[in-house]
Each structure stands twice: as structure tokens, then as C-alpha cells.
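With the numbering used here applied, the sequence shown covers 71 to 590.
Glycine residues also receive a C-beta, built at the ideal position from the N, C-alpha and C atoms.
These notes concern the structure reproduced below.
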Amino acid sequence: MTHAAPELTANSRISQPPLVRWLSEDAWLHAVAVALSAALLGLFLVCRDLPMVDLPQHAAQIVTWQRLDAGVPEVRELFVLNFRTPYLLAYPLARLLAPAFGAVMALKLVVWLSVVLNLVTVELLARRVGHDPWLGILGFVTAMGLCFYFGFVSFVLAMPLAVGALSLALRHASAPNLRDGAWLALLMSLVLTAHGIAFVLAFGTVGLLLLRGGGSLLTRLCPLLPAALLAVLWIAPGPVSERIGGDVWALSFARLLDFPALLVSMGAADHASILLGFALLTAMFLALGFRLERRPERYLPLVLLLGGYLLFPTMFRGVVLLHTRLPYFLLPIALLAFAPPEPNAGRQRLLTRAAVLGVTLSWLVMFTTRLAAFQTEAAAFHTLEARLRPGASVRPLVFDRQSRVFPGVPAFLHYPAYYYVDKGGSQGYSFAQYPLSVVRYREGVVATMQGGAEWRPDWFQKDEIPNYDYFLVRSSLDRGEELFDGAPVELEAHEGSWWAYARRETAVVSNASARSADGT
């Protein structure tokens with residue numbers, strides 16, 4: 071009887087549902103993981119606005135896709151779908167969710183799923199290499215760094231897939247088999263369709279991990295072949311090779327100060343995040359230990375990542391913020407680079423886990439407090455937008471793009487795109503002008519704002535006025551005379567830092583509609 075109990079327990083665990091078995095493996099860790107995931111989901115559901123720079127333009131892409139599917143004539147005349155892009159995966163997911171939740175909420179759910187997946191895949195990788203799985207909790211925080219704030223939805227989704235590929239690569243390298251190889255091939259192909267930069271990082275790291283292990287080298291490397299063929303036969307012949315801008319290096323040792331802050335925010339302009347970033351690094355290295363792996367395929371990715379962070383150009387072929395994305399990958403790469411520490415005494419392990427949890431809760435309190443204040447900061451735009459008639463063409467002129475409550479985040483840069491999302495019409499600046507966008511302008515359609523004009527409202531010229539109905543300006547002062555002096559444009563609405571100017575004929579129609587609605 072006493073000898074049968076362990077076998078009975080093992081059999082009962084096998085018969086448990088996967089979710090119950092997962093929770094029971096490390097109940098405290100997974101209780102924290104579920105609580106964090108639920109808290110973030112609650113914030114995303116309750117808070118209308120997120121400080122994600124590109125989110126309004128991503129929502130515009132999803133809404134345009136919906137209008138294309140609905141056969142809206144003026145939309146079909148301008149736009150076409152582009153599936154030959156390595157920035158694809160997040161959009162179909164959001165498109166599937168959009169009819170039920172709306173485009174903005176659909177994208178929020180994709181981002182939330184990505185953050186949760188990063189926690190899970192970092193935890194699985196930590197277990198695979200013998201480190202404390204509580205490091206996965208830090209993966210929740212590092213998923214909310216610069217890439218979150220800039221609204222790199224595709225990159226944020228791609229990274230947990232890349233981390234999952236590292237775990238599979240380690241297992242496949244040690245004992246190559248068809249099942250692991252097939253899953254690894256699938257994951258690498260998904261990373262490619264999710265984001266090109268993430269794919270390069272994952273492909274290089276996985277390739278190094280597969281160089282040594284069981285079986286033959288060819289058997290180990292075979293799972294990389296499908297993704298490579300997909301890149302060569304489908305992605306490369308598409309618009310991926312089109313240059314959208316120049317190269318800017320801007321190398322500086324100031325990047326070293328930015329690094330810890332980029333783990334949890336937009337950068338060193340956020341002083342509180344510098345401290346939080348250093349605290350995260352401290353907790354991470356306390357848990358990792360300080361013994362580097364002897365195998366070069368384990369520590370070389372970390373060397374390359376740090377070197378790339380210092381030496382990558384700020385802009386390459388028009389693609390910006392290259393080096394600033396690399397801190398996102400630091401935690402999983404460090405898990406590979408550092409040998410598991412000696413078995414800790416219970417007290418020491420509790421202290422390192424308390425440090426991990428303390429950093430995470432500190433981040434959550436800071437983010438929640440700031441996000442609540444951001445709702446008030448962003449409310450003025452929605453109040454102003456509600457007063458404008460639908461179906462107009464809009465020219466954004468965002469002079470004051472920075473958020474006060476999220477230091478360093480140009481959160482309002484693309485806010486005028488919400489008018490297009492909510493009320494239709496057309497927008498002067500659109501992601502559709504870029505060759506890698508899922509929704510592109512048709513051949514022959516020329517964007518009215520190009521060359522970084524969205525960042526330079528001071529480039530606005532009066533000869534642009536006939537192209538638009540509304541001019542949505544964010545500024546602490548009235549710039550009407552500066553922008554439109556002598557032109558047939560007048561102020562129609564003003565809320566907080568937002569000003570809506572309209573061409574005179576548009577303003578007359580809009581004001582007449584407002585008077586009719588008021589019964590005057």
C-alpha cells in the first residue's frame with residue numbers, strides 16, 4: 071500500500087487537465103503570473119487610451135482592411151492588401167477580433183496576448199537551461215519597454231515566438247527528432263511572418279544553438295530550411311527590398327544610460343525608469359548568478375546583442391529604432407549565456423524571488439498610476455473629435471506630441487488617425503504609404519504627407535490647404551494665424567491642447583449641422 075501511493079499520485083497528475091497540471095507544478099509562480107495577466111487585461115479593458123505611439127495607425131490599417139472587405143468603393147480605389155511582408159502575423163489576429171471588439175480593442179488584446187506569451191516562454195526557457203523559472207515574471211516587465219510604448223505590435227508578438235524557438239532549438243539540438251524539428255520549423259516560419267528584425271535575431275541565435283549536439287549537423291539544421299525558403303521565395307521577391315529612407319548612425323555612449331531604461335520605458339528621459347531598469351538588472355543577475363557558460367554558442371549571442379546595441383545605426387534604409395529594440399531580447403539571451411548557479415539555500419532563493427517580485431510590482435504600480443493619469447490627458451482629443459462631422463479628409467499637425475505622464479513618449483503623434491478609425495474620410499499621413507504595410511496604397515496613389523512630415527508640423531505649407539477639410543493641431547497655444555494667415559480656414563473646435571481648424575466651406579457645413587442638432 072505504501073509503495074503504490076507515489077505511482078497513484080503520478081498517474082493522477084497525468085490525468086489532470088493541462089492547465090491544472092501547469093498550475094500545480096509551481097503554484098505560487100503561476101498564481102502570480104495569472105494575477106499579473108489578469109491585472110494587465112483589466113487595465114487594457116478599462117482604460118480607453120494606451121500610450122502606444124503607433125497604435126492609432128495600426129487601428130487605421132485594421133479598419134481599412136474591414137472597409138476593403140465590405141467593398142467600400144472609395145477605399146477599394148485607394149488601397150490593396152499586401153501579404154508579402156514580414157510584418158504580417160499580428161494583423162490577421164487583430165482583423166479576426168475586430169468585428170467583435172473594434173479595431174483598437176482587438177489590437178490591445180493582441181498586445182496583451184504577446185506580453186503574457188513572453189512571460190510564459192521566458193519561464194519555459196529558464197526551466198530548459200536550469201535557471202529559476204521565476205525569471206519569467208521579469209519577462210512580463212521587459213515586454214512593456216520601448217517596443218510597447220512605440221506601438222511595435224508586430225515586434226511585440228514576434229519576440230515570445232522567438233523565445234519559444236530557443237527552447238525548442240535546445241531540445242532539438244540535444245536529441246534531434248521529427249516532432250521537435252517540425253515544431254521548430256513552424257515557430258521559425260511564424261517569427262518570419264511576424265517581424266523581420268525578430269526573425270533575424272531568432273534565426274541567428276537558433277542557428278548557433280544548433281551547431282553542436284546530437285545527430286548530424288544537417289539533421290539539427292533542417293528545421294531552419296522552411297523559414298529560409300519562405301524568406302527567399304515569398305518575402306524577398308516582394309516589396310521588402312524597397313528603401314523607404316536613408317541611413318543615420320548617430321553612435322553615442324549615451325546609449326549605455328538608455329539601456330536599463332529601455333527595458334521598462336522609452337529611454338533615459340524617464341528618470342524613474344532608469345532606476346527601475348537598474349533594479350530589474352540587479353534582480354536578474356542575482357537570480358542568474360555570474361558564471362558564464364563555457365560553450366561559445368551560449369554566450370556569443372549575448373556578446374553580439376550588446377555589440378549590436380552599441381553599433382547599430384539609429385536608422386537603416388528608413389527603418390528607425392533598431393538598437394533600441396535589442397534590450398527586449400536581453401533576458402532570454404542572458405538565460406543562455408549564464409550557467410545555472412549552484413543550488414541555492416532556501417533563504418537565498420526566496421530573496422532573489424522577492425527581488426523579482428518587488429521589481430515587477432513596482433513597475434505595475436508605476437504603470438497603473440501613470441495610465442490612469444493618461445486617460446485624463448488623452449480625453450480632450452475624443453471630446454474634440456466627437457464635435458467634428460464624419461467623412462472628412464484630415465491633416466495632422468502635432469506640435470506637442472509628448473505625454474506629460476509618460477516621460478519621453480511621443481504618445482500623441484498619431485492621435486488624429488483615430489478620427490479616420492471612428493469617422494472615416496481620409497488621412498494625410500498613413501502607414502499605407504510604406505511598402506511593408508499589410509494595407510498599402512494602390513500603385514499610382516501618392517501620399518500627401520511624406521518624408522517624415524508627421525514629425526515636422528513646421529514643414530506645413532499653405533498650398534496643402536485645398537487637400538484637406540480638417541487640420542487637427544495639438545499645441546499649447548493657438549497657431550491659427552501662424553499656419554493659416556489669410557487662408558480660408560477658421561477654428562471650429564478647441565479642447566485642451568487640441569485645435570480643429572476647417573476650410574471655410576467645411577466649417578460652415580459643420581457649424582450648421584451643430585446648430586441644427588442644438589435646435590437653434
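Fill in: Of the residues L271, E367, P296 and Y379, the one placed nearest F323, counting alpha carbons only
With distances taken between Cα atoms, F323 lies closest to Y379.
Worksheet entry | Cβ-based burial, P307 [other Cβ within 10 Å; buried from 16] | By the neighbour-count criterion, in which 16 or more other beta carbons inside 10 Å mark a residue as buried, P307 falls on the exposed side.
Worksheet item: Using the beta-carbon count (16 or more within 10 Å), is Q127 buried or exposed?
Response: That one is buried.
Discussion item. Can you tell me where the beta strand (DSSP E) holding L467 begins and where it ends?
Written reply: From DSSP, the beta strand (DSSP E) with L467 extends over S463 to V468.
Worksheet item: What are the partner residues of W569, as DSSP defines its beta bridges?
Response: According to DSSP, residue pairing for W569 in a beta bridge involves V543 and H564.
Worksheet item: Shortest alpha-carbon distance to Y398 belongs to which of I314, F210, M258 and L561?
Response: That would be F210, whose Cα lies nearest to the Cα of Y398.
Discussion item. Looking only at its chain, what residues have a beta carbon closer than 7 Å to the beta carbon of A462, apart from the 5 residues adjacent to it on each side?
Written reply: Residues of the same chain with a CB within less than 7 Å of the CB of A462, apart from the 5 flanking positions on each side, are G495, D539, Y540 and T576 in chain order.
Discussion item. Quick check on DSSP: helix, strand or coil for Q503?
Written reply: Shown here, Q503 sits in a helix according to DSSP, grouped into three states.
Worksheet item: Per DSSP, V426 is paired with what?
Response: Secondary-structure assignment with DSSP links V426 through no beta bridge to anything.
Discussion item. Based on DSSP bridge pairs, tell me the residues matched to M385.
Written reply: DSSP lists V318 and V390 as partners of M385.
Worksheet item: What are the start and end residues of the alpha helix (DSSP H) that includes V180?
Response: Counting along the chain, the alpha helix (DSSP H) containing V180 begins and ends at A173 to V199.
Practice prompt. Would you check if there are 3 or more beta carbon pairs closer than 8 Å linking the segment 384–394 to the segment 310–325?
Written response: By the Cβ rule, the segment 384–394 counts as touching the segment 310–325, because three or more pairs are nearer than 8 Å.
Practice prompt. Count the C-beta pairs between the segment 143–158 and the segment 501–516 that are closer than 8 Å, then say yes if the count reaches three, no if not.
Written response: Per the Cβ contact rule, the segment 143–158 is in contact with the segment 501–516 (3 or more Cβ pairs under 8 Å).
Fill in: Alpha-carbon to alpha-carbon, P330 and P536
Approximately 47 Å, taken between the alpha carbons.
Item to complete: Could you tell me the distance, in whole angstroms, from the CA atom of V559 to the CA atom of A572?
Response: V559 and A572 have their alpha carbons spaced roughly 5 Å apart.
Worksheet item: CA-CA distance, R387 and G112?
Response: Between R387 and G112, the C-alpha separation is close to 39 Å.
Practice prompt. Excluding the 5 residues preceding and the 5 following A523 in the sequence, name in chain order all residues of the same chain whose CB lies nearer than 6 Å to its CB.
Written response: Residues W529 of the same chain have their beta carbon placed closer than 6 Å to that of A523, with the five preceding and five following residues left out of the count.
Worksheet item: Residues in its own chain within less than 7 Å of A342 by CB, not counting five upstream and five downstream?
Response: Closer than 7 Å at Cβ, skipping near neighbours: M436.
Practice prompt. In the DSSP assignment, find the unbroken beta strand (DSSP E) run with R510 in it and report its ends.
Written response: Where R510 is concerned, the enclosing beta strand (DSSP E) stretches over V509 to Y511.
Worksheet item: Excluding five sequence neighbours on each side, which residues of the same chain lie with their C-beta closer than 7 Å to the C-beta of A268?
Response: Cβ within range, chain order: F225, A228, M229, A232 and V261.
Worksheet item: Expressed to the nearest angstrom, what Euclidean distance is found between the alpha-carbon atoms of T430 and I207?
Response: In this structure, the straight-line span from the alpha carbon of T430 to that of I207 is close to 7 Å.
Worksheet item: Residue ranges of each alpha helix (DSSP H) run of no fewer than 4 residues wholly in the segment 87–148, ordered along the chain?
Response: Whole alpha helix (DSSP H) segments, 4+ residues: 88–95, 97–116, 125–139 and 143–148.
Discussion item. Does T72 pass the burial test, meaning 16 or more other C-beta atoms within 10 Å, or should it be called exposed?
Written reply: Caution applies to T72, whose pLDDT of 39 falls short of 50 and renders its modelled position unreliable; the value that the coordinates give is listed next. Result: exposed.
Worksheet entry | DSSP three-state assignment for F399, whether helix, strand or coil | Residue state, collapsed to three classes: helix.
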